[in-house]
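See below for the structure under consideration.
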Amino acid sequence: MSKRNPDYDFKWCPGCGDFGVVRAVDMAISRRAVERGEGIERTVVVAGIGCSGNLVHLQEGPQPFGIHGIHGRTLPIAYGIKASRPDLNVVIAAGDGDFLSIGMEHIGPQAKRNLDVTAVVMDNGIYGLTKGQASPTTMLGVVTPTTPYGKLEDAINPLELYLALGVSFVASGISTKPRDLANLIQQGMDHPGFAIVHVQSPCTTYNDTYEALKGNPEKGIAPGAFDIPADHDPGNRSAALALAGSSTIPIGLLYQRPDSTPMDQRLADARGRTKVRTRSVEDLLTGLHI
Amino acid sequence: MGSDLVVRFAGEGGQGQVTAAEGLAQAAAQVGYHVQTFATYPSQIEGGPTWAQTRVSTNVILTQGDQLDVLVALNRQAYETHIGELREGGVLIYNSKDFDEQLGGLSIGLDVDSLARATGNPRAANIIMIGAVAQLASMPADYFRQFIEARFRRGRANDQEIIDGNIKALNVGFEEAAASGYRVNPLDPPPLIERQRVLVKGNDFLSLGAIAAGLDIFIGYPISPATTILTFMEGNLNGEGKFVGQATSEIESIAAIVGAGYAGRKAMTSTAGPGLSLMGEGLGLAWMAEIPCVVCDVQRGGPATGLPTKTEQSDLLTALNPGHGDMRIPIIAPGSVEECFQAGVDALNWAERYQGPVILLTEMSVAERNEDVPRPDPSLVVAESRIVSDGSMGNRRYSGDGLAPFPVPGGPGAYVANASEHDEPGDTTHLPQVHIMQTERRFAKLKLLDNGSYEAEHTESPIALMPWGGSKGAGRAAYQMLRNAGVDLGWMYTMYLNPLPAALLKELRRKELVIVPELNYLGQFAGVLRGLGVNAHSITQYTGLPFKEQFLVERVREEIAARSGRLARV
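Line by line, the protein sequences are chains D and H. Read in order, the letters of the first sequence correspond to residues 1 to 290 in my numbering. Read in order, the letters of the second sequence correspond to residues 1001 to 1570 in my numbering.
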């Protein structure tokens, strides 16, 4: 059930982190539209498969365009959209399973292209929609239906991965703070290049990490996340890597490449630099005359 | 009757066979002959057995030619492999540096490399071969001077020197062949062809058709034998709003062109069998979310990596159903280089017309061969474009059971394009009545495409020969020979394989027997036709090479005899 479509019957579980993320995405998109004086229909949300991808059907208020494709392929779909329509604001909504397991091969190429899109990755450390199997961010040793003796693989560190692959804007957010998250997403959309906002978005059914993230002094649980200090320089990649390697999760903007030139700008520059002779089909055929 | 010449240049990769074959074709086309080339090589950069063939004729050419008038064997292995295909009275030119024992018959030993060095241009071996072949076929040297001028006049300071050197090499070839005293059947003078012609390869011509139909976006991944489409686009699809990109896999290619099609642009990719397999799910997305896009699959041989540089027609079933679930992707399969241009135009038009994916199914033998074809007139190309939503349907993508205007991002009518089953605004639903309605609607749209053209001859016969794709030429040659011999046989052909033209299907269903020559083991198209209620049986071949004309003549006779209970007369 969604506000705009009463027939839509998908529901997130009560307390799902994705509620906070959709609020943040809506806020960021609406604010951008107002600030830039452009219609919300200039935004396209490319959604992955999994609980998180349903975000595209659950947005409230004025509707952007959406495409809810196939598992793991949000980035290549976004590549095609952005390559053909640089005027569009492209936002990706995907989960850790979609983006970091089946879809991981696509992060590097978009980083190298510096594709001017913003990916919001909702990380709950589990496959929720298929009922609780281990994901790339599930910790070593965790017992799930697919890891009965405990997970044998180390969890990947997504922030380190993004930085290593050369993603030009890397931020980390948390679903419990949708206003801060909206700011990060909007910064990501404003960033000329590939932006990833990685969000801790807990799954209340299969992997409830709210307490672990927030900490609980009464139970002696230290917070699993911390705000990035105000004096951190996001232009400093080494400092960003150091933050990403922390034992707990840094929240805030880790890295923003200062001289970021996105793919569409590179193409425009190349076209300005080189004299490309545009030949009509007539001319091309004439070139083949016997 | 006319006359024709078939020449094969065979040897180790890198010995100039392809250059010689294409040079001979270019020169013959320039003076007004019809030409066709065919080449086959191993999947490696240098070396390995490679051969290239040129057919020159006063008639329109249907196939690469069954038997050789001249075989140029550049090493012993090439001689042993190909000598069996030299016709009686044909002439062998062999590389006497590589093997110099007496071979008997009509053979000319030439040490082409030494002869080339003696002209001062060690790279002129292929021109010497062309000269020798020309002399054997009684083609005047004048034919080739013009070709050498055109090929080597490039505005360099030493152009004239290079041209003179090559003419010298040409004369060396002429003299050496003349000294042998051998001749093959002389070619009649070139026919007078009124229309302007172009000499072009299938992949290039198909790309031109797609550009003429308004292609905006091309994203592809290198794979033999489709790579030349990607490189043609990189070189020629440019200008404002156009984009060509090299993807990192076929999975990325298909998803990207779906994205581009969704964003309102005309988008295409090219691949071969292995890539088509990877595109299965992405094609399902395009079918399900009803997004126009075109995939060109240039078929090669075999499953998995198979035969990367050989020809086969074994991707048909995959192309029809490239992914899981109920779908039937529209397919256009050009049967000659000439048809490639229109196929490129039609594929884009079909995608726009029915709002979904289209597969252009070609094959290595059509993609890479040169053929002289009439120059198309781009001003006559009708480029279709999808009807764009004006927002009057709110955020609904569909309305009822027909085609609805397409909402384009940035404009009105925001909706969700959805790969899951979905309702009118594109939201996911699993309701049986919605899945029934949407499935039927997706299939019903194919009716918008079933008015393609087709060829039909001698339709009163209860038996028809119906090749598809690149087997058209050999099928046509066999048909003509059988008809000349008085065999009661009709001809049916279309490049629109799915959906078949409705009128054609009606005719096919009335036939007692439809014989389908096709280059695969399973008899794929015949199976598809049987599923449509046509009594179709295939003649199959899976050698990695195209059909030969005489082989088909015999096999068609056998089929008629075995299946119709009537022996073919004569």
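C-beta: ideal position from N, C-alpha, C; glycine also.
For this session: Output the boundary residues of the beta strand (DSSP E) element that contains H:Leu1110.
Result: 1107 to 1110
For this session: At 7 Å on the CB atoms, spell out the chain D contacts of H:Glu1281, in chain order.
Result: Ile70
For this session: Could you say if the region 1056 to 1066 of chain H and the region 1471 to 1487 of chain H meet the contact criterion of at least three C-beta pairs nearer than 8 Å?
Result: yes
For this session: Flag this pair as yes or no: are the beta carbons of H:Ser1336 and H:Ala1272 separated by less than 9 Å?
Result: no
Problem set entry | Beta-carbon proximity list for H:Gly1523, same chain, < 6 Å, skipping 5 on both sides | Ser1538, Thr1540
Exercise. In whole angstroms, what separates the C-alpha of D:Val22 from that of H:Phe1205?
Worked result: 48 Å
For this session: Could you tell me which chain D residues have their CB closer than 7 Å to the CB of H:Asn1236, listed as they occur along the chain?
Result: Arg279, Leu284
Exercise. In three-state terms, what does DSSP make of H:Glu1281?
Worked result: helix
For this session: Using beta-carbon positions only, say whether H:Gly1444 and H:Leu1285 come within less than 9 Å of one another.
Result: In the sequence as displayed, the identity of residue 1444 of chain H is Ala instead of Gly. Not closer than 9 Å, so no.
For this session: Give me whichever residues DSSP pairs with H:Cys1293 in a beta bridge.
Result: H:Pro1357
For this session: Under 9 Å between beta-carbons, which chain D residues line up against H:Ser1420? List them in chain order, please.
Result: Ile49, His68
Exercise. Once you ignore the five residues that flank H:Gln1007 on each side, which residues in its own chain have a CB closer than 6 Å to its CB?
Worked result: Here the sequence assigns Val to residue 1007 of chain H, which means Gln is not the residue at that position. Contacts found: Thr1054, Val1070, Val1133.
Exercise. So, are the CB atoms of H:Ser1207 and H:Leu1170 less than 9 Å apart?
Worked result: no
Exercise. Under the three-state reduction of DSSP, which class applies to H:Arg1195: helix, strand or coil?
Worked result: coil
For this session: Give a yes or no on whether 9 Å exceeds the smallest Cβ distance from H:Val1294 to chain D.
Result: no
Problem set entry | Residue-level contact to chain D via CB, H:Asp1326, 9 Å cutoff | no
Exercise. For H:Gln1053, does the three-state DSSP call read helix, strand or coil?
Worked result: strand
Exercise. If we ignore side chains and look at the alpha-carbon of each, how far apart do D:Asp96 and D:Glu41 end up?
Worked result: 27 Å
For this session: Have a look at H:Asp1098, H:Asn1166, H:Ala1157, H:Gln1135 and flag the residue whose alpha-carbon is nearest the alpha-carbon of H:Ala1572.
Result: The question about residue 1572 of chain H has no answer here: the residues shown for chain H are numbered 1001 through 1570.
Exercise. Taking Cβ-Cβ distances below 9 Å as the criterion, which residues of the region 1120 to 1144 of chain H are in contact with chain D?
Worked result: none
Exercise. Which of the residues in the region 110 to 140 of chain D, read from start to end, lie with their CB under 7 Å from any CB of chain H?
Worked result: none
Exercise. Does the distance from the CB of D:Gly80 to the CB of H:Tyr1262 come in under 9 Å?
Worked result: yes
Exercise. Would you report the Cα separation of D:Leu100 and D:Thr146, rounded to the nearest angstrom?
Worked result: 17 Å
Exercise. Would a C-beta distance cut-off of 9 Å place H:Gly1406 and H:Gln1438 closer than the cut-off?
Worked result: The sequence given here places Phe at residue 1406 of chain H; Gly does not occur at that position. No.
Problem set entry | Opening and closing residue of the alpha helix (DSSP H) in which D:Gln187 lies | 178 to 190
Problem set entry | Three-state class that DSSP yields for H:His1422 in the structure shown | strand
For this session: Give every residue of the same chain whose Cβ lies closer than 7 Å to the Cβ of H:Arg1183, excluding the five residues on either side of it in the sequence, and list them in chain order.
Result: Leu1136, Ser1138
Exercise. Since D:Asn216 sits in a beta bridge, which residues does DSSP pair it with?
Worked result: D:Ile221
For this session: Taking all protein chains shown into account, decide if H:Gly1047 is buried (16 or more other Cβ within 10 angstroms of its Cβ) or exposed.
Result: exposed
For this session: Determine whether the Cβ of H:Val1382 lies closer than 9 Å to any Cβ atom of chain D.
Result: no
Exercise. Relative to the alpha-carbon of D:Ile221, which residue among D:Val25, D:Asp180, D:Thr209, D:Leu267 has its alpha-carbon at the smallest distance?
Worked result: D:Thr209
Problem set entry | Of the residues H:Glu1559, H:Gln1550, H:Ala1020, H:Gly1131, the one placed nearest H:Glu1085, counting alpha carbons only | H:Gln1550
Exercise. Within this structure, are the beta carbons of H:Leu1110 and H:Asn1121 separated by less than 9 Å?
Worked result: no
Problem set entry | Residue span of the beta strand (DSSP E) that contains H:Tyr1493, given as start and end | 1490 to 1493
Exercise. Would you say D:Cys13 reaches chain H, if we count a Cβ-Cβ gap shorter than 9 Å as a contact?
Worked result: no
For this session: Report the neighbours of H:Tyr1262 on chain D: residues whose CB is nearer than 7 Å to its CB, in chain order.
Result: Ile67, Ile81
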